[in-house]
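K.L.:
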Amino acid sequence: MLDDIDARPGSATSLLRTVIGLYLRPLGERISSSALVRLAGDLGIPADRARTAITRLKQRGLLLADDRGYILNPAAIGMLERGDRRIFAVRTMHPGDEWMLVSATIPETRRDLRHQLRRRLQFLGAGAVSAGLWILPGHLDAEVEELLEELGARGSATLFRTSDPRPAEPLADAVARWWDLGALRAEHERFLASVDGLDPSMPFAAYVRLIDSWRVLPYIDPGLPHELLPADWPGARSVETFQRLSATLTEPAWEHVRTTATPGA
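Structure follows, in structure tokens:
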């Protein structure tokens, strides 16, 4: 799997991964090494650090080298398309929407698989109801199925759909127990603080840093119903801020990339 569940926003490797995820597909899945290093320089990344980060991304399987520079690994395209749906089409649950429950029984001999499944489900935004039982918004059904198949864990899992979960306590209290709302709040506050330093007069750097800071948040925050969250929950403010800045920066950022990476543009 190429999903970056350990992303550290702002690092050279994370920023270049964001550049690759945003732009290699519209560039024909190819970029010269000099153009990629120039774009890194526009992000304030020195050439030597950029080359080190590029090497890491090749080792992780995102990039492949050829005699003209780098090409996007075809195996990464599905992952990037899945990321597009999460990053740019944020979904929020509403009262009455369905939930999904995932019950998985992994043999004791496959602790590695148990660990991977737990981490991957958390990265999809799952809450932990109990050991081996997770809950997610129903609209993540296809992503859960894909994850289970990729891990080889589909045969160990049973999926349920319900619009009426009934824990012993009020549902809002159960949600606060199933998800670490304190950690999610901290991520929203980190994102909101990060956009204060963006310079819209440099739209490429501002846009890449915006996406880099944002891109993990729509995964770990599943978009829980507003009614089940604290009154001062920052999620809606994060989404509005992201969408507003993205609308302003997307086109001028792409124009900068196109002229930098396309010969004769």
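Numbering (my numbering), first residue to last: 1 to 265.
Don't be surprised by glycine CBs; every beta carbon is placed ideally from N, CA and C.
Does DSSP put A128 in a helix, in a strand, or in coil?
P.N.:
Shown here, A128 sits in a strand according to DSSP, grouped into three states.
K.L.:
Would V133 and S103 qualify as a contact pair, given that the criterion is a beta-carbon distance under 7 Å?
P.N.:
A small correction: the amino acid at residue 133 is Leu; Val does not occupy that position in the sequence shown. The criterion of a C-beta distance shorter than 7 Å is satisfied by L133 and S103.
K.L.:
Could you tell me which whole beta strand (DSSP E) segments of length 3 or greater appear in the segment 227-252?
P.N.:
none
K.L.:
Put G69 into one of helix, strand or coil per three-state DSSP.
P.N.:
Three-state DSSP puts G69 in a strand.
K.L.:
Going straight from the alpha carbon of Q243 to that of P9, what length do you get?
P.N.:
18 Å
K.L.:
For P137, which residues does DSSP report across the bridge?
P.N.:
W99
K.L.:
With a CB to CB cut of under 7 Å and the five nearest residues on each side skipped, what residues in its chain are close to L117?
P.N.:
A104, I106, L151 and A153
K.L.:
Given that a residue counts as buried once 16 or more other Cβ atoms are within 10 Å of its Cβ, and exposed if not, what is G197?
P.N.:
exposed
K.L.:
Please check the pair A12 and A53, which I expect to be a contact at CB under 8 Å, by giving their CB distance rounded to whole angstroms.
P.N.:
4 Å
K.L.:
Which residues share a DSSP beta bridge with R119?
P.N.:
Answer is none; R119 lacks a bridge partner.
K.L.:
Let me make sure I understand the geometry here. Which of S201, A236 and G235 has the alpha-carbon closest to that of T250?
P.N.:
S201
K.L.:
Among the residues of its own chain, which have a CB less than 7 Å from the CB of A157, if the five just before and after it don't count?
P.N.:
V102, S103, A104 and L148
K.L.:
Among W179, T109 and V257, which has the Cα closest to the Cα of V208?
P.N.:
The residue with the shortest Cα to Cα distance from V208 is V257.
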